[in-house]
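> Let me begin by handing over the structure; questions about it come next.
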Amino acid sequence: MPKPKTPAPVKVEPIKLIVPKEIAKERIEAQIAKGLELKDRKIAATSDLDQLTEDEHRWHDFNKELLINSFSSDRIYEDYKRFAGGNVLMYEPSPVQRLENLLTQISTRLNRLRSVIERLDLLDAGISSEKTSANKPNLNSSDVFVVHGHDRAALAEVAQLVRLLGLNPIVLHEKPNEGKTIIEKFEAHSNVDFAVVLLTPDDEGRSRSESGMHLRARQNVIMELGYFMGKLGRSRVCALYKEVELPSDISGVVYIGLDNHDGWKFKFAKELKQAGFPIDLNKL
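Per this note's numbering, the sequence shown starts with residue 743, numbered consecutively.
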């Protein structure tokens, strides 16, 4: 009887970075900072817990895209997404139990992101910084398109910040029509390298199964958010929101809350800097 053949060992390809190490580290550290903000958030009511849960889901979705698009193998992401702990309950958990499980999950994912950073020096660069730079959109333009609704105060504040950072805000209604339709005018001024979208509570809406109304951004603002996601990629679109129901089907975009303490300004400036603009954060 012939001796069975020993199966050949499976060759595991080494994981490589497909973005420059410095960029990968900066992006992961930014996500760690956002995770720490989630973990330290004060929860005073069930509505706060619901919002924290939604924000954690968006944070996790962004982490997924970041890890998948930074490495040659999904093994880094597969390790990150492994069961993050928390108690498995056979009944509806209380708000306290929900919060405990959520904080455990955030802590575990934070530790895994830190582990990724610690391993970066062990990974080969599968793409050079020069090659990555060549593939980036040309940033000769300093134009930043500002999508907005009816909140002119928020628009003015964001446009002022963009100018303070040395960039040029493109606000469509401030541009001459030149005989163009609104779509033609929009297309003519949308050749930019970054877009910031203001999601402000201008409309109300609900699904047919709900009784209460929700504050929402205007439909044209959501449409333009999707337009720039497709045109520029999610990493070059930032949404600033205030007291609105966020789009449930749009993940991977950075959402920054317009708080009253100007913390959003630093976060927004960091997104511009990460996109490749020569931003001096000391101007803030």
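Built from N, CA and C at the ideal position, the CB exists for glycine as well.
Counting only the same chain and skipping the five closest in sequence on each side, list residues whose C-beta sits under 8 Å from that of Phe-928.
The answer, listed in chain order, is Leu-914 and Glu-966.
> Ends of the beta strand (DSSP E) at Ala-930?
Not the beta strand (DSSP E): Ala-930 falls in the alpha helix (DSSP H), residues 924-930.
> With distances taken Cα to Cα, identify the nearest neighbour of Arg-960 among Tyr-983, Asp-885 and Arg-978.
Among Tyr-983, Asp-885 and Arg-978, the Cα nearest to that of Arg-960 is on Tyr-983.
> What does DSSP give as the partner residues of Ala-981 in its beta bridges?
Its beta-bridge partners are Val-939 and Tyr-997.
> Going by DSSP, what residue range makes up the alpha helix (DSSP H) through Pro-837?
That run of the alpha helix (DSSP H) goes 837-861.
> Compute the beta-carbon to beta-carbon distance between Val-939 and Pro-911, rounded to the nearest angstrom, for a pair I have assumed lies under 8 Å.
The pair is not a contact, with the Cβ atoms about 13 Å apart (cut-off 8 Å).
> Any idea if Asp-786 is buried or exposed, counting beta-carbon neighbours within 10 angstroms, 16 or more meaning buried?
Correcting the residue type first, residue 786 is Ala in the shown sequence and not Asp. Counting Cβ neighbours within 10 Å, Ala-786 comes out exposed, since fewer than 16 surround it.
> Do three or more CB pairs link the region 809-817 to the region 777-797 at distances below 8 Å?
No, they do not touch.
> What whole-angstrom Cβ distance do Arg-854 and Asp-821 have, given they're in contact under 8 Å?
With a Cβ gap of about 7 Å, Arg-854 and Asp-821 count as contacting.
> Ends of the beta strand (DSSP E) at Arg-783?
Arg-783 -> no beta strand (DSSP E), and no H or E assigned at all.
> Assuming Ala-898 contacts Thr-942 (C-beta within less than 8 Å), just tell me the rounded distance between them.
Between Thr-942 and Ala-898 the Cβ distance is about 12 Å, and since that is not below 8 Å, they are no contact.
> At the level of alpha carbons, what is the spacing between Ile-818 and Val-858?
About 8 Å.
> Take Leu-845 and list the residues in its own chain whose beta-carbon comes closer than 8 Å to its own, dropping the five residues that flank it on each side.
So the list reads Lys-781, once near-sequence residues are dropped.
> Compare the C-alpha of Ile-760 against each of Leu-865, Trp-801 and Val-838 and name the closest.
Among Leu-865, Trp-801 and Val-838, the Cα nearest to that of Ile-760 is on Leu-865.
> What does the alpha-carbon distance come out to for the pair Leu-903 and Lys-1007?
Distance between the alpha carbons of Leu-903 and Lys-1007 is about 8 Å.
> I'd like to know whether the C-beta of Ser-884 is nearer than 8 Å to at least one C-beta of chain B.
Included in the structure is just one protein chain, with no chain B present.
> Does the beta carbon of Pro-756 fall short of 7 Å from some heavy atom of the ligand FMN?
Ligands in the displayed structure: none, and consequently the ligand FMN is not present.
> Distance check for Lys-767 and Thr-874, CA to CA, integer angstroms please.
With a pLDDT of 41 at Thr-874, under the threshold of 50, the modelled position of this residue cannot be trusted; read the value that follows with caution. Roughly 15 Å separates the two Cα atoms.
> Check for me: the alpha helix (DSSP H) holding Leu-1014 runs from which residue to which?
Run containing Leu-1014: 1005-1016, per the alpha helix (DSSP H) assignment.
> Return the chain-ordered list of same chain residues with a C-beta closer than 7 Å to the C-beta of Arg-856, the five sequence neighbours on each side being excluded.
Taken in chain order, the residues that qualify are Ile-774.
> Going by alpha carbons, who is nearest to Leu-974 out of Pro-762, Ser-932 and Lys-1015?
Selected option, being the one with the closest Cα: Ser-932.
> Who are the Cβ neighbours of Val-996 in its own chain at under 6 Å, not counting the five residues just before and after it?
Here the set comprises Cys-980 and Glu-1013.
> In or out: Leu-794 buried (at least 16 other Cβ within 10 Å) or exposed?
The residue in question, Leu-794, is buried, as its Cβ has 16 or more Cβ neighbours within 10 Å.
> Keeping to the same chain, check which residues put their C-beta closer than 6 Å to that of His-892; ignore five residues upstream and five downstream.
If we look at His-892 and ignore the five residues flanking it on each side, its Cβ neighbours are Asp-944.
> For His-890, is the classification buried or exposed, using 16 other Cβ atoms within 10 angstroms of its Cβ as the cut-off for buried?
It counts as buried.
> Quick check on DSSP: helix, strand or coil for Gly-956?
In the sequence on display, residue 956 carries His and not Gly. If DSSP states are grouped into helix, strand and coil, His-956 belongs with the strands.
> Judging by CA-CA distance, which residue of Arg-851, Glu-779, Asp-935 and Val-986 is the nearest neighbour of Pro-1020?
Nearest of Arg-851, Glu-779, Asp-935 and Val-986 to Pro-1020, Cα basis: Asp-935.
> How would you write the range of the alpha helix (DSSP H) that Ile-818 sits in, first residue to last?
Where Ile-818 is concerned, the enclosing alpha helix (DSSP H) stretches over 817-823.
> Considering only residues of the same chain and omitting the five flanking positions on each side of Arg-958, which have a CB-CB separation below 6 Å?
Excluding residues within five positions, the ones whose Cβ falls inside 6 Å are Asp-945, Gly-947, Val-986 and Glu-987.
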